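First the structure, in the form of structure tokens, and then the observations on it.
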Amino acid sequence: MQTSSFNPMASLRAEHQAMSELLVLMQQEQAHLVSADAESLARLTEQKTQLINRAADLARQRHAALEQAGFAGNEASLVVG
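Per our numbering, the very first residue in the sequence shown carries number 125; after that it's consecutive.
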């Protein structure tokens, strides 16, 4: 995605969706840990890795768009107060 066509609301929605999906996977992981289901844990690890990578890509795009707009491209620049 080019930062010139960056849509902040769409990006934040995508980040929120990725985090929501990660939360569901972590809840499933907890259940598999309790039941000692190693096979299911291994599958969840791959899914979690993919979601974390997607969220990181979205964050990098957001940071690049912030820099292009003249702001610091990091999480600290988003803090108000």
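We put the beta carbon where it would ideally sit given N, CA and C, even for glycine.
All values derive from a computational prediction rather than experimental measurement.
Under 6 Å Cβ to Cβ from residue i, same chain only, skipping five residues before and after it: list those, please.
{"i": "P132", "result": "none"}
{"i": "E153", "result": "L168"}
{"i": "A142", "result": "L175, R178 and A179"}
Would you give the residue range spanned by the alpha helix (DSSP H) that residue i belongs to?
{"i": "V158", "result": "P132 to V158"}
Once you ignore the five residues that flank residue i on each side, which residues in its own chain have a CB closer than 8 Å to its CB?
{"i": "K171", "result": "Rather than Lys, the amino acid found at residue 171 in this sequence is Gln. Only L149 meet the Cβ criterion."}
Under the three-state reduction of DSSP, which class applies to residue i: helix, strand or coil?
{"i": "A180", "result": "helix"}
{"i": "A200", "result": "helix"}
{"i": "A79", "result": "Beyond the ends of the chain as shown, which are 125 and 205, falls residue 79; an answer cannot be given."}
Inspect the beta-carbon positions of residue i and residue j and report whether they are closer than 8 Å.
{"i": "S135", "j": "R186", "result": "yes"}
{"i": "E139", "j": "L182", "result": "yes"}
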